[in-house]
Amino acid sequence: MEKVPMLAEGYERLTADLKALRAERPKIVDAIEEARAHGDLSENAEYHAAKERQGQVEAQIAEIEDRVTRAQIIDPSTLSGDKVVFGATVTLLDEDDKPIKYQIVGQTEADAKSARISYNSPLARALIGKKVGEEVEVTVPSGDKFYLVDKIEFI
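With positions in the sequence shown counted from 1, the corresponding number in the numbering used here is that position plus 57.
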């Protein structure tokens with residue numbers, strides 16, 4: 058069983074989502090019962106919508122429970138070293154020597170607007186294992202990009 062690395066905040070967000078979905082279960086059952094009371098189920102849109110929502114919620118619960126049980130919580134502040142690893146905050150210099158900063162996080166925490174990239178992303182995969190001063194080449198839809206690892210922090 059493969060572990061799913063994530064930060065503590067990602068784990069907390071997953072468990073909060075799981076709690077909210079579990080709280081929604083009884084409401085869906087009530088909606089199904091109410092729709093059943095309306096009679097003919099073959100042409101009952103409310104019943105079909107409630108059953109579809111029930112299926113979606115159960116699938117989401119199963120997926121989140123799987124991630125939570127396989128979670129490997131990593132605290133970047135406890136890490137150290139001279140190589141890029143999960144949880145590291147990396148400052149890169151692009152081809153114009155413009156600094157760009159990213160933190161390598163789990164899939165559930167990835168957010169490009171917050172400069173957090175998933176460890177599965179092409180850039181993160183290229184960065185992992187690199188040291189300060191090494192060049193990184195990443196193939197993106199617009200072509201190849203080159204970066205220089207300028208700084209590695211564990212914050």
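Think of the CB as a built atom: it goes at the ideal place given N, C-alpha and C, for glycine as much as any other residue. Quantities reported herein were computed from a predicted structural model and do not represent experimental measurements.
Next item on the list: Have a look at the DSSP bridge pairing and note the partners of residue 129.
Entry: Taking the first residue of the sequence shown as 1, we reach residue 129 at position 72. Residue 129 is bridged to 62.
Subject >> Minimum length 3: unbroken beta strand (DSSP E) runs contained in the region 139-197 >> reply: As far as the region 139-197 is concerned, its whole beta strand (DSSP E) runs of at least 3 residues are 146-150, 156-162, 173-175 and 192-197.
Element boundaries [beta strand (DSSP E), containing residue 203]
Position 146 of the sequence shown, counted from the first residue, corresponds to residue 203. Start and end: 200-210.
Assigned exposure category for residue 157 - 16 Cβ within 10 Å defines buried: Along the sequence shown, one-based indexing puts residue 157 at 100. Residue burial is scored here from C-beta neighbours: residue 157 has fewer than 16 other C-beta atoms within 10 angstroms and is therefore classed as exposed.
>> Below 8 Å on the Cβ atoms is my contact criterion, and I expect residue 193 with residue 206 to pass it. Report the Cβ-Cβ distance as a whole number of Å.
In response: Residue mapping note: residue 193 aligns to position 136 of the sequence shown, counting from 1. Residue mapping note: residue 206 aligns to position 149 of the sequence shown, counting from 1. Going by Cβ atoms, the distance from residue 193 to residue 206 rounds to 6 Å, so yes, they are a contact pair.
>> Tell me whether the region 79-87 and the region 113-120 touch, counting them as touching only if at least three CB pairs, one residue from each stretch, are closer than 8 Å.
In response: These segments touch.
With the cut-off set at 8 Å, would you say residue 163 and residue 63 are in Cβ contact?
Taking the first residue of the sequence shown as position 1, residue 163 is located at position 106. Taking the first residue of the sequence shown as position 1, residue 63 is located at position 6. With a cutoff of 8 Å on beta-carbon distance, residue 163 and residue 63 are scored as near each other.
(Q) Our contact map puts residue 166 next to residue 67 with C-beta atoms below 8 Å; I'd like the distance itself, whole angstroms only. (A) The residue given as residue 166 occupies position 109 in the sequence shown. The residue given as residue 67 occupies position 10 in the sequence shown. The Cβ separation is near 4 Å, so the contact holds.
Notebook entry, point to check: If you pair each beta-carbon of the region 179-190 with each one of the region 130-149, do three or more pairs fall below 8 Å?
Noted result: Contact holds: three or more Cβ-Cβ distances are below 8 Å.
Classification of residue 180 by the beta-carbon crowding that lies within 10 angstroms, buried from 16 upward = To locate residue 180, count along the sequence shown from 1; it is residue 123. Buried, because 16 or more other Cβ atoms sit within 10 Å of the Cβ of residue 180.
Euclidean distance between Cα positions of residue 61 and residue 109 | Here residue 61 is taken as the residue at index 4 of the sequence shown, counted from 1. Here residue 109 is taken as the residue at index 52 of the sequence shown, counted from 1. When rounded, the separation of the alpha-carbon atoms in residue 61 and residue 109 is 29 Å.
Review point. Taking just the CA atoms, how far does residue 177 sit from residue 124?
Key: Working through the sequence shown from its first residue, we reach residue 124 at position 67. Working through the sequence shown from its first residue, we reach residue 177 at position 120. Taking the straight line joining both Cα atoms gives about 15 Å.
Compute the distance between the beta-carbons of residue 148 and residue 208, then report whether it is under 8 Å.
Translated into positions along the sequence shown, residue 148 becomes position 91. Translated into positions along the sequence shown, residue 208 becomes position 151. In contact: residue 148 and residue 208 (Cβ atoms closer than 8 Å).
Excluding five sequence neighbours on each side, which residues of the same chain lie with their C-beta closer than 6 Å to the C-beta of residue 129?
Here residue 129 corresponds to residue number 72 of the sequence shown, with the count starting at 1. Here the set comprises 60 and 62.
- prompt: Between residue 152 and the rest of its own chain, which residues show a CB-CB distance below 6 Å, the 5 nearest in sequence each way excluded?
  reply: One-based indexing of the sequence shown puts residue 152 at position 95. Only residues of its own chain outside the window of five on either side were considered, and among them 203 have a CB closer than 6 Å to the CB of residue 152, listed in chain order.
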